[in-house]
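Have a look at the structure below before the remarks.
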Amino acid sequence: MIPDWMKEVEVGPCKCSAVHHGKKGFVGKTIDGIFGFLEEAFVSESYSKRSGLLQGLDPRAKLVSILAVVFATSLIGDLKLLIFVYALTLLFAYLSKIDVGFFIKRVWLFIPIFAGIIATPMIFNIFIPGDPLIGVAYLGTGAHLGPLALPDSIYITRQGAVAAVIFTMRVATCVSAVVLLFITTPQQTLFKSLRTVGVPKVYVLTLEMAYRYIFLLMDLVREMYVAKKARTIKARGIFEEQRWVGGRMGYTLIRSLDMSEKVHMAMLSRGFSGDVKIMQEFKMHNRDYVAGAMAISLSVVLVLISHNIIRI
Amino acid sequence: MHIPDGYLGPYTYIAMWIIMIPIWYYAGKKLSVELRSKQVPLLALAAAFSFVIMMFNVPIPGGSTGHAVGGAIIGIVLGPWAAVIAITVALVLQALVFGDGGITAIAANCFNMAVVMPFVAYYIYKLISGSTEITSSRRVIASAVAGYVSLTLAAAVTGFEFGIQPILHHTAEGVPLYMPYPLSVTVPAMTLEHLFGFGILEALITALIFAYIQRTDTTILYGEKSIAQKKGRKGASVA
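Chains as they are written, first to last, in my numbering: chain A, 1 to 312; chain B, 1001 to 1239.
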């Protein structure tokens, strides 16, 4: 019997990064990046093992449902509908026993940061003409910004602001749906479910293997950087350091191709003939059909509403 | 350069899927004939490397750091068709397991980074290096130019994909629905940034990796092994 405390799943990200003092150089940043990567992988895995709503669904039904929702979201041009779908992803996160605060942070903090950079200039009348909302500056006639002719006065437009909010919300909603997919599905199962959308067996196997070996290579890279850090007293010239990184990348490349030879031999010696077989251990239940059908009909309705074919 | 969901409108991303599916299909067919049972392990490890290469931070002048995309060196080492699949697998992993890059935009991202980059890099490298010795310094320069041009071109293509959005998708009042900026903004923005910044870093990294491979093990380079084997066979027959 496994005691209950051993079955408990860690809540939230663990802080396994090493402590750093002062400004981080390229070595420290790489080591941090790798720890961040591992942390993220562990967190997703711990959430995918909880007994929530989405974790209980058949991965194929879940994949098709999420893809349908993402596709529909990419077609929606209406803010209210986008907010509705976004709220729905939050609800499903909650029902899947994912810490909603963590979920929101995961989506907003890391990913659509660039969406913000793109969306901010949209609100001005430089790109989108429209009704003025707030005046910003008066430039006079004939102002230029690079190849772009600027209008006489710059103001924030209503249309621009709405377009910027829609743009950002659409990106966030799509990301939210995809995060929901991979945070509630163990990676190996997720790859296998790709068979349903027509990915050939060979690539399902390649994906599975690549995912596994990423961790091995990450560890190799981490060790090289840690070893360097441990031996560094004084930083060398920038070109010397760059040469070191280039050499390490070349070494990693040679190592990985060499490893692929060995893995190939090992596979052959265990009877691999190039014919890929994948175990199918999934079973569709009624609830999976219901979930899939609901997600697809929701997506269809969303598209129809946003294109004014159905009016509400 | 990973385009997230919601940047490209449906016409563009569906068109990119239609472009990519035959490319993937052809690459798959070609590789299964060329590599046979070696296909899965080689592509899996190469994909893992394509994924990991972005983790290497490189110091750049000014105290900051950057990282390489790696499409060029992978194209040169594996050959363009194997690079298509290896980088595609890496991009799918990034999109599906880490939310980096969109699901609808997978085909567009693959076109920019897994097709444009390795193909341009491979042919530029071939063109410049010509029939020089494998260890010649001309090949190092060839790989640097390949890295520089391929990344800048991939960025320009991305800029083009962004720039056609306001033409293809807007509301009746002309308000854009996806990427809002016209070609006159997106193409220069993406290109200049890579022409004077990331492109130089990619060139440097590609050349440094290539020089390292020259010093260490040239048999891993695409198309070189067969020559080495031929030489070996010739030597054997003479002996």
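All residues carry an ideal CB built from backbone N, CA and C; glycine is no exception. Small disclaimer: the values here were computed from a predicted structure and weren't measured.
Check: What are the boundary residues of the beta strand (DSSP E) that includes Ile66(A)?; Outcome: Per DSSP, Ile66(A) belongs to no beta strand (DSSP E); it is in the alpha helix (DSSP H), Pro59 to Leu75.
Check: By Cβ distance below 8 Å, which residues in the same chain neighbour Met1054(B) in space, the five residues on each side in sequence not counted?; Outcome: His1067, Ala1068, Val1069 and Gly1070
Check: With H, G and I counted as helix, E and B as strand and the rest as coil, what does DSSP make of Tyr1222(B)?; Outcome: coil
Check: State the Cα-Cα distance for the pair Val1115(B) and Lys1030(B), rounded to the nearest angstrom.; Outcome: 15 Å
Check: Would you tell me roughly how many angstroms separate the C-alpha atoms of Gly25(A) and Gly1197(B), rounded to the nearest one?; Outcome: 19 Å
Check: Just list the residues that DSSP pairs Val1058(B) with in beta bridges.; Outcome: Gly1066(B)
Check: On the three-state DSSP scale, how would you describe Phe1098(B)?; Outcome: coil
Check: With DSSP as the reference, label His1170(B) as helix, strand or coil.; Outcome: strand
Check: Give every residue of the same chain whose Cβ lies closer than 7 Å to the Cβ of Val1089(B), excluding the five residues on either side of it in the sequence, and list them in chain order.; Outcome: Leu1043 and Ala1047
Check: Taking the straight line between their C-alpha atoms, what separation do you get for Ser17(A) and Met259(A)?; Outcome: With a pLDDT of 49 at Ser17(A), under the threshold of 50, the predicted position of this residue should be treated as unreliable, and no value is reported.
Check: Using a threshold of 8 Å, state whether the C-beta atoms of Gly130(A) and Arg158(A) are closer than that.; Outcome: yes
Check: Judging by CA-CA distance, which residue of His1002(B), Gly1159(B) and His1170(B) is the nearest neighbour of Val1187(B)?; Outcome: Gly1159(B)
Check: Check whether the Cβ of Glu1173(B) lies closer than 8 Å to any Cβ atom in chain A.; Outcome: yes
Check: At a Cβ threshold of 8 Å, is Ala1228(B) touching chain A?; Outcome: Residue placement at Ala1228(B) is flagged as unreliable, the pLDDT there being 48, under the threshold of 50; the coordinate-derived value follows with that caveat. So, not an interface residue.
Check: Looking at chain B, which residues of the segment 190-211 of chain A have a Cβ within less than 9 Å of any of its Cβ atoms?; Outcome: Leu190, Phe191, Leu194, Val199, Pro200, Val202, Tyr203, Leu205, Thr206, Leu207, Glu208, Met209, Ala210 and Tyr211
Check: Could you work out which residues of chain A lie near Asn1057(B), taking near to mean beta carbons separated by less than 8 Å?; Outcome: Phe26, Val27, Lys29, Thr30, Gly33 and Val245
Check: Please list, in chain order, the residues of the segment 281-303 of chain A that have any C-beta partner in chain B closer than 7 Å.; Outcome: none
Check: For a cutoff of 8 Å on Cβ pairs, would you count Ile128(A) as touching chain B?; Outcome: yes
Check: Out of Tyr94(A), Ile156(A) and Asn125(A), which has the shortest C-alpha to C-alpha gap to Leu53(A)?; Outcome: Tyr94(A)
Check: Short of 8 Å in beta carbon distance, which residues of its chain neighbour Phe291(A), apart from the five on each side in sequence? Order them along the chain.; Outcome: It should be noted that the sequence gives Ala, not Phe, for residue 291(A). Closer than 8 Å at the Cβ level, and outside the excluded window around Ala291(A), lie Leu57, Ala61, Lys62 and Ser65.
Check: To which residues does DSSP link Pro3(A) through a beta bridge?; Outcome: BP columns for Pro3(A) are empty, so no partner.
Check: Fully enclosed by the segment 1173-1223 of chain B, which alpha helix (DSSP H) runs are 4 residues long or longer?; Outcome: 1183-1193 and 1199-1216
Check: Is it true that the CB of Ala161(A) sits closer than 8 Å to the CB of Leu133(A)?; Outcome: yes
Check: Between the Cα of Glu1193(B) and the Cα atoms of Leu1153(B), Thr1206(B) and Asp1217(B), which residue gives the shortest distance?; Outcome: Leu1153(B)
Check: Spatial neighbours of Ala1095(B) within its chain, please: C-beta separation below 7 Å, excluding the five flanking residues on both sides.; Outcome: Gly1101, Gly1102, Ile1103 and Ile1106
Check: Can you tell me where the alpha helix (DSSP H) with Thr185(A) in it begins and where it stops?; Outcome: Per DSSP, Thr185(A) belongs to no alpha helix (DSSP H) and is neither H nor E.
Check: On a Cα-Cα basis, can you pick out the residue from Gly1147(B), Asn1112(B) and Gly1075(B) that is closest to Ile1205(B)?; Outcome: Gly1147(B)
Check: Helix, strand or coil for Pro1041(B)? Go by DSSP, reduced to three states.; Outcome: helix
Check: I think Ala172(A) touches Val69(A), with their Cβ atoms under 8 Å apart; what is that distance to the nearest whole Å?; Outcome: Not really, about 14 Å apart at Cβ, beyond 8 Å.
Check: Between Met218(A) and the rest of its own chain, which residues show a CB-CB distance below 6 Å, the 5 nearest in sequence each way excluded?; Outcome: Ile34
Check: Report buried or exposed for Asp275(A), applying the criterion of at least 16 other Cβ atoms within 10 angstroms of its Cβ.; Outcome: exposed
Check: Along the segment 1011-1024 of chain B, what residues have a CB closer than 9 Å to any CB found in chain A?; Outcome: Tyr1013 and Trp1024
Check: Using the DSSP secondary-structure output, state which residues sit across from Pro132(A) in a beta bridge.; Outcome: Thr157(A)
Check: Please name the residue, chosen from Phe215(A), Leu82(A) and Gly198(A), that lies closest to Ile305(A) on a Cα-to-Cα basis.; Outcome: Leu82(A)
Check: Does DSSP classify Phe282(A) as helix, strand or coil?; Outcome: coil
Check: Nearest by alpha-carbon distance to Thr120(A): which of Gln280(A), Leu91(A) and Tyr155(A) is it?; Outcome: Tyr155(A)
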